[in-house]
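Taken in order, these protein sequences are the chains called A and B.
Taken in order, the first sequence gives residues 14 to 308; the numbers are from our numbering.
Taken in order, the second sequence gives residues 16 to 370; the numbers are from our numbering.
Positions of the beta carbon are idealized from the N, C-alpha and C atoms, including for glycine.
Here the structure is a predicted model, which is why all the values come from computation and not from measurement.
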Amino acid sequence: MKNKLFEKYFVFSPYFWLVLFFFIPLAIIFKISISVSEWGMPPYQDIFLFDNGFEINTTFENYIYIFSDYYYIGSFVNSLILALISTFFCLIIGFPLAFYIATSNIRLRNILLVLVVIPFWSSFLLRVYAWKIILQNNGILNVILLNLGITSEPLQLLYNQYAVIMGIVYTYLPLMILPLFGYLNKFDLNLIEASKDLGLNRIKTFFKVILPLSVPGIVAGSLLVFIPVVGEFIIPEMLGGSDRLYYGKILWEEFFVNRNWPGASALAFSGIIILVLPIIIFQILYSRWSQKNEI
Amino acid sequence: MDNNFLVIENISKSFGDNKVLENINLNISKSEFFGLLGSSGSGKTTLLRILGGFEKPDTGRVILDGTDITNLEPFDRPLNYMFQSYALFPHLNVFNNLAFGIKENFTQKEIEINVRNIAELLSIEHLLNRRIKQLSGGEQQRVALGRCLIKKPKLLLLDEPLAALDKKLRSKTQLELTTLQKKLKITFVFVTHDQEEAMSLSDRMAIMKNGLILECSSPEEIYENPKSLYTANFIGIANIIEIYKKDENFYSDDLDINFKLNKELKNTQTKILLRPEKIKIQSINNLKTNSFNSFSGEILEKSYLGSFTRYEIKINKTIISVLDQNFNSNSNYNFPKGEKVICSWESESIKILED
């Protein structure tokens with residue numbers, strides 16, 4: 014009997030955490046997003062009023078507002094594009110690396126894995142700041158380029174969307190490599206040899222055998238990079254310029270500069286729904302597909 | 016017969032300081048079923064992988080049907096390799112696994128016909144739409160075989176082709192494999208650590224040890240007339256007896272008996288091999304004791320194996336294995352433990368080991 018309880022606890026504990034740390038905060042954000050804003054602390058009115066009997070005091074104006082202004086939608090689209098591009102680069106850099114790590118001998122593999130994880134041991138902020146120092150006008154990269162005579166004046170490397178993409182790819186690369194490694198590690202190398210033996214050269218072997226069998230790893234790594242990058246705030250803030258506005262930045266400003274909590278909450282809630290719904294649908298379809306294909 | 020269909024010439028291979036193959040030379044004929052037999056670490060799989068193109072030899076050449084293929088990539092070699100794990104593609108069904116190697120060069124219709132033919136040959140037509148995970152070990156083995164044979168290779172390399180099957184299925188598949196090979200007349204080279212498998216499949220086989228080929232001959236020749244002590248012990252059960260010249264005859268201290276050899280010996284001391292089934296045992300009151308090539312002993316152990324009974328017989332200081340065929344269906348026919356018996360053999364059955 015005790016064991017049964019124990020088992021039940023373990024089965025249901027993930028749901029417990031999910032409720033505690035995902036659904037309850039989400040509900041609170043939703044509640045704020047349909048509140049009426051006002052000057053004060055907190056800067057919104059209660060949704061249930063009891064002054065003249067019972068009254069529900071909600072509004073969907075915040076949603077109407079953010080969906081009618083391209084300022085918000087545009088920034089979200091910018092963030093989606095940024096996330097797509099960054100995920101793509103993480104994938105094409107991360108895949109060969111993960112494959113190399115997974116197929117090297119155990120000693121080298123452990124060293125390489127530690128190297129992949131080492132950046133996590135220093136502060137994320139410091140690492141992004143380091144890129145700022147490298148890329149600035151009198152930074153080390155420009156000094157090298159100038160001294161080599163490749164350019165005659167310092168290049169503007171910082172404060173544009175390219176710096177942002179580079180910073181994101183650098184920061185999120187381990188999140189791509191590790192799940193990919195997890196799948197490729199189990200990869201039967203005989204399959205590659207079998208494919209070559211049956212007459213397919215390296216490129217065809219990659220597309221016919223390695224790639225289809227790596228789909229679960231690619232999906233896991235891509236989601237792990239894509240989702241947080243959409244809401245990424247710090248990297249665009251530190252490395253980006255004013256040429257492009259991103260969702261994370263707008264959210265920050267709405268909360269802390271405009272003190273429009275209901276508007277910001279509406280923005281956050283919409284973002285989560287727009288992002289999570291397609292991913293849930295995708296996951297359902299994908300798990301059906303992979304079950305059918307037994308990957 | 017063309018003895019130079021596959022020529023392996025001075026092949027050596029090292030991994031770091033570890034010499035895996037040393038100066039291997041082999042000639043294999045067309046349509047031959049050739050076995051490489053050795054324990055693990057003998058270099059047999061490395062040799063097979065060199066033939067497949069997955070490893071490059073440090074020295075030497077591989078010539079297949081007159082063409083030097085030493086430096087060709089696996090996908091450019093007119094041969095196929097069947098992996099021990101079968102290495103079937105889990106993301107493809109049986110049909111697409113079979114068609115994998117011919118998709119490039121054939122039309123959809125030709126692929127269809129080829130796959131049907133090969134499936135029929137291996138009696139796996141009913142499995143074509145299955146996924147790999149839904150197949151039993153034996154079915155997987157057939158698909159792996161079919162995937163190679165569909166390419167009509169000049170040479171098929173098989174790495175431990177039956178190792179993953181259970182015992183009953185193994186002997187059935189052994190038979191099918193030999194029949195198939197004789198029917199298709201494709202040259203097969205296979206690797207195994209199982210001496211029974213090597214004997215039953217091979218036309219000729221090579222015994223490998225520590226990167227060297229010790230002997231290469233037909234299974235019968237290797238079993239009956241092994242040249243080395245290692246081979247004698249490796250193949251089948253062997254009674255090895257040390258003898259030396261004493262007066263006109265050869266004498267064994269361990270057995271305390273004289274041996275009569277039908278062959279002149281240069282050395283004054285040597286080892287001889289006596290296979291357990293060559294020894295005849297009889298009840299003691301039937302015969303006179305210790306003459307040439309016969310001795311009396313006591314049964315220490317017996318194990319009934321169905322068609323045979325294996326006895327461990329103690330003679331003087333040594334224990335000799337004897338396999339006695341159970342001619343008689345009477346269960347009392349066997350000699351009981353502790354019984355004194357007479358063992359005898361023909362002098363032709365004694366084989367002199369060279370080293």
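- Apart from the 5 residues on each side of it in sequence, B/Glu37 sits with its Cβ closer than 7 Å to the Cβ of Ser27, Gly226 and Leu227 in its chain, given in chain order.
- Beyond the five residues adjoining it in sequence on each side, A/Asn173 comes within less than 8 Å, by CB distance, of Gly253, Gly254 and Asp256 in the same chain, given in chain order.
- Under the Cβ distance rule, A/Lys262 does not count among the residues neighbouring chain B, no pair being separated by less than 8 Å.
- Look at A/Pro225: its C-beta is under 8 Å from a C-beta on chain B.
- In chain order, Asp201, Asn203, Leu204, Glu206 and Ala207 make up the part of chain A whose C-beta sits under 8 Å from the C-beta of B/Ala102.
- Remark: fewer than three beta-carbon pairs, one from each stretch, lie closer than 8 Å, so the stretch 255-271 of chain A and the stretch 50-70 of chain A are not flagged as touching.
- Here the alpha carbon of B/Ile365 sits roughly 19 Å from the alpha carbon of B/Arg325.
- A/Gly253 carries a coil assignment under DSSP once its states are collapsed to helix, strand and coil.
- In terms of Cβ geometry, B/Leu172 and B/Leu103 do not form a close pair [threshold 8 Å].
- B/Lys224 sits buried, since 16 or more C-beta atoms from the chains shown fall within 10 Å of its C-beta.
- Across the structure, B/Phe90 and A/Ser88 are spaced so that their CA atoms are roughly 50 Å apart.
- B/Leu107 is the residue among B/Leu107, B/Leu184, B/Leu315 and B/Ile222 whose C-alpha sits nearest the C-alpha of B/Leu143.
- Rounded to the nearest angstrom, the gap between the Cα atoms of B/Ile126 and A/Val222 is 19 Å.
- By the rule that beta-carbons nearer than 8 Å mark a contact, A/Asp210 touches chain B.
- Closer than 8 Å to the CB of B/Glu70 there is not a single CB belonging to chain A.
- Closest in alpha carbon position to A/Pro291, among A/Leu236, A/Gly162, A/Ser278 and A/Gln58, is A/Leu236.
- Taking a Cβ-Cβ threshold of 7 Å, the residues of chain B close to A/Val222 are Phe104, in chain order.
- With respect to chain A, the C-beta atom of B/Glu125 has no partner C-beta closer than 8 Å.
- Counting only Cβ-Cβ distances below 8 Å, A/Asn214 has contacts in chain B at Glu88 and Phe90, in chain order.
- Between the C-alpha atoms of B/Ser57 and B/Asn33 there is a straight-line separation of about 12 Å.
- According to the DSSP assignment, B/Glu313 belongs to no alpha helix (DSSP H) but to the beta strand (DSSP E) extending over Ser309 to Tyr319.
- The C-beta of B/Glu175 comes no closer than 8 Å to any C-beta of chain A.
- Note that the stretch 202-211 of chain B does not touch the stretch 255-262 of chain B; fewer than 3 beta-carbon pairs, one per stretch, sit closer than 8 Å.
- By the criterion of a C-beta distance shorter than 6 Å, B/Ile252 is surrounded in its chain by Pro291 and Ser336, once the five residues flanking it on both sides are discounted.
- In the three-state scheme derived from DSSP, where H, G and I count as helix and E and B as strand, A/Ile231 is classed as helix.
- In terms of Cβ geometry, A/Ala176 and A/Leu193 do not form a close pair [threshold 8 Å].
- Using beta-carbon distances, B/Lys166 counts as an interface residue toward chain A, with a partner under 8 Å.
- B/Glu119 belongs to the set of residues whose beta carbon lies under 8 Å from a beta carbon in chain A.
- DSSP places B/Thr285 in the strand class (E or B) of the three-state scheme.
- Taking the C-beta atoms as reference points, A/Trp274 is found no nearer than 8 Å to A/Tyr83.
- For chain A, none of the residues of the stretch 234-250 of chain B brings a beta carbon within less than 8 Å of one of its beta carbons.
- Nearest to A/Ile240 by alpha-carbon distance, out of A/Ile293, A/Leu158, A/Glu51 and A/Ile153, is A/Ile293.
- In the three-state DSSP reduction, A/Ser26 falls in the helix class (H, G or I).
- At a cut-off of 8 Å between beta carbons, B/Tyr326 makes no contact with chain A.
- Three or more Cβ pairs drawn from the stretch 177-187 of chain A and the stretch 86-106 of chain A lie within less than 8 Å of each other, which places the two stretches in contact.
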